[in-house]
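S.K.: Numbered as in the working numbering, the sequence shown ends at 263 without a single skipped number. We put the beta carbon where it would ideally sit given N, CA and C, even for glycine. Mind having a look at this structure? Questions to follow.
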Amino acid sequence: MKNKFIVAAVAILFVGLFIAAADLYNNQKNSSLNSATLENIEYIQRDYSPTLGPVDAKVTIVEFFDPACGTCRSFYPLVKRIMSENEGRVNLVLRYLPLHNGSDVIITIFEAARLQGLFWETLKLAYKRQDAWVVNHISIPAKLWGQLDGIGLDMDKLAVDMKSVEIARRVKQDLADAKQLKVNKTPGFFVNGKPLINFGYKQLQQLVASEIDEKYP
Numbered sequence: 047m048k049n050k051f052i053v054a055a056v057a058i059l060f061v062g063l064f065i066a067a068a069d070l071y072n073n074q075k076n077s078s079l080n081s082a083t084l085e086n087i088e089y090i091q092r093d094y095s096p097t098l099g100p101v102d103a104k105v106t107i108v109e110f111f112d113p114a115c116g117t118c119r120s121f122y123p124l125v126k127r128i129m130s131e132n133e134g135r136v137n138l139v140l141r142y143l144p145l146h147n148g149s150d151v152i153i154t155i156f157e158a159a160r161l162q163g164l165f166w167e168t169l170k171l172a173y174k175r176q177d178a179w180v181v182n183h184i185s186i187p188a189k190l191w192g193q194l195d196g197i198g199l200d201m202d203k204l205a206v207d208m209k210s211v212e213i214a215r216r217v218k219q220d221l222a223d224a225k226q227l228k229v230n231k232t233p234g235f236f237v238n239g240k241p242l243i244n245f246g247y248k249q250l251q252q253l254v255a256s257e258i259d260e261k262y263p
C-alpha cells in the first residue's frame with residue numbers, strides 16, 4: 047500500500063511539473079512574440095493603407111491579405127461583424143501580401159479604384175466574384191476587369207492610374223513589411239500590434255475583446 051502511495055505521489059508530481067513547464071514555455075513564447083512585435087511595431091501599420099472605421103478607435107485590426115485568398119474572403123464579413131459588435135471602438139487596416147500569381151496586378155486595380163473613392167466597393171465586388179477571376183489558385187486580372195461594371199468606376203482613368211509609381215511603391219513596402227514581420231500566409235492579423243498567434247475566428251474575437259477591455263475599461 048505504501049509503495050502504491052509513493053508511485054501515485056511521484057506521478058502527480060511529474061504531472062504537476064509537466065503542466066508548470068508547459069505554462070512556462072507558453073508564457074515565454076507569448077512574451078517573446080510580443081517583444082518581437084513591439085520591436086517591429088513600425089512595420090505593422092502604414093499611414094497610406096486603406097482604413098475602415100473611425101480613425102479615433104482605440105482598437106485596430108491590421109490584416110495582411112491576398113485578394114485571391116479564399117480564407118481572406120471568408121474572414122472579411124467576420125471581421126466586419128466584430129467591428130459592428132464593437133461599433134466605434136474598432137477599425138480595420140488592410141495591408142497587401144500578394145502570394146498568388148497575378149494578385150499583384152489585382153492590387154493595382156484596388157489602389158487605382160481607391161483614387162476614385164471606390165476601394166471598398168471594388169474589394170467587395172472582387173470577393174463576391176472571386177470564383178470568376180481566380181482559376182487554379184492563379185489571379186486572372188482580365189477576368190476581374192470584366193466584372194467591374196456597375197460600381198461607377200471610370201475604367202479609362204483606372205487603367206492609367208494602375209501604372210502609378212506610388213502604387214508600386216506601396217505594394218513593395220507592404221511586401222517588405224510582411225517579410226520583416228515573418229507573415230508568410232494570408233490572412234495575417236495583428237490587433238493593436240499583437241499578432242494573432244493561434245489562427246481562427248474565435249481567437250481573433252478573443253484578442254479583440256481583450257484589447258477592448260484594456261482600452262475601454
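1) Measuring CA to CA, which of M129, T154 and D200 is closest to S210?
2) For P100, count neighbouring C-beta atoms within 10 Å of its own C-beta (all shown protein chains included) and say buried if the count is 16 or more, exposed if not.
3) Would DSSP call T168 helix, strand or coil?
4) Alpha carbons only, please: which of P144, I213, D259 and A159 is nearest the one belonging to P233?
5) Looking at the unbroken alpha helix (DSSP H) that takes in G116, where does it start and where does it end?
6) My output table needs one value for V274: the three-state DSSP class, helix, strand or coil.
7) Count the C-beta pairs between the segment 116-129 and the segment 149-167 that are closer than 8 angstroms, then say yes if the count reaches three, no if not.
8) Nearest to F165 by CA position, among N182, A188, N147 and L194, is which residue?
9) Taking the Cβ atom as the reference point for each residue, do Y141 and D202 lie within a distance shorter than 8 angstroms?
10) Among the candidates V229, L138, V136 and L171, whose CA atom is the shortest distance from the CA of I152?
11) In angstroms, rounded to a whole number, what distance separates the CA positions of K208 and H146?
12) According to DSSP, is Y94 helix, strand or coil?
13) Please list, in chain order, all residues of the same chain as V229 whose beta carbon is under 7 angstroms from its beta carbon, the five residues on each side excluded.
14) Between the Cα of D200 and the Cα atoms of T168, P113 and G134, which residue gives the shortest distance?
15) Distance, Cα to Cα, K261 vs D93?
16) Only counting the same chain, and skipping five residues up and downstream in sequence, which positions put a Cβ closer than 6 angstroms to that of C115?
17) Determine the closest residue to Q91 out of Q251, L138, P113 and D112, with distance taken between C-alpha atoms.
18) How many Å lie between Q251 and E88 at the Cα?
M.R.: In terms of the structure at hand:
1) T154
2) exposed
3) helix
4) P144
5) G116 to E131
6) A query on residue 274 cannot be resolved here, the shown segment of the chain reaching from 47 to 263 and no further.
7) no
8) L194
9) In the sequence as presented, Tyr is not what sits at residue 141; that position holds Arg. It is not a contact, given that the beta carbons lie outside the stated cut-off.
10) L171
11) One point to set straight first is that residue 208 is Met, not Lys, in the sequence displayed. Straight-line Cα distance between these residues: approximately 19 angstroms.
12) coil
13) F110 and L143
14) T168
15) 21 angstroms
16) T232
17) L138
18) 24 angstroms
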